[in-house]
Amino acid sequence: MFLTLCKSKLHRATVTQAELHYEGSITIDSELLAAASILPFERVQVVDIANGARFETYAIEGNAGSHTVCVNGAAARLVQVGDPIIVISYAQMTPDEAARHHPTIVLLNADNSIRETLTGDRTTPIEILSESL
Numbered sequence: 022m023f024l025t026l027c028k029s030k031l032h033r034a035t036v037t038q039a040e041l042h043y044e045g046s047i048t049i050d051s052e053l054l055a056a057a058s059i060l061p062f063e064r065v066q067v068v069d070i071a072n073g074a075r076f077e078t079y080a081i082e083g084n085a086g087s088h089t090v091c092v093n094g095a096a097a098r099l100v101q102v103g104d105p106i107i108v109i110s111y112a113q114m115t116p117d118e119a120a121r122h123h124p125t126i127v128l129l130n131a132d133n134s135i136r137e138t139l140t141g142d143r144t145t146p147i148e149i150l151s152e153s154l
């Protein structure tokens, strides 16, 4: 049996663009993808904090240092430029692996610069995430 757990997330990324007439996906600064261990073309879930919309797509690399977070294709109708979002990647693992797993949480500033990266036991306390609100 495999369990699906949060592998990593970009917490409170800000949508910088929404491109309806594109084939799909979410373009994210390659430095942010690397910080969250999200691979190009990896399936991700996107949660819009402003309106509650949730959708799945795949990540594509944006230019390093650009701070780009661009929602493409039909999903562009679900967000507005400036919306804070959470981008979540998942991994399947055995129960033994899951018992030892801690996700990587990348906390972002409003300009999509990295404020802090949480790993290990620091990823669980709600106080840490509430500080980013």
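In my numbering, the protein residues as written are 22 to 154.
Ideal Cβ placement from N, Cα and C applies to all residues, glycine included.
Problem set entry | Between the CA atoms of residue 31 and residue 128 - distance to the nearest angstrom | 6 Å
Exercise. Below 8 Å between beta carbons: does that hold for residue 29 and residue 58?
Worked result: yes
Exercise. Does DSSP put residue 96 in a helix, a strand or coil?
Worked result: helix
For this session: Please report the residue range of the beta strand (DSSP E) in which residue 77 lies.
Result: 75 to 83
For this session: Would you be able to state if there are at least three C-beta pairs under 8 Å between the region 121 to 136 and the region 66 to 83?
Result: no
Problem set entry | 8 Å Cβ cutoff met for residue 39 and residue 85 | no
Exercise. Given residue 16, which residues of its chain have a CB within under 7 Å of its CB, disregarding the five upstream and five downstream residues?
Worked result: Limits of the chain in this structure are 22 at one end and 154 at the other, which puts residue 16 out of reach.
Exercise. Do residue 36 and residue 104 come within 8 Å of each other at the CB atom, strictly closer than that value?
Worked result: yes
Exercise. Around the C-beta of residue 110, are 16 or more other C-beta atoms found within 10 angstroms, so that it is buried, or is it exposed?
Worked result: buried
Exercise. For residue 119, does the three-state DSSP call read helix, strand or coil?
Worked result: helix
Exercise. When you compare each of 135, 119, 41, 142 to residue 27 by their alpha carbons, which one comes out closest?
Worked result: 119
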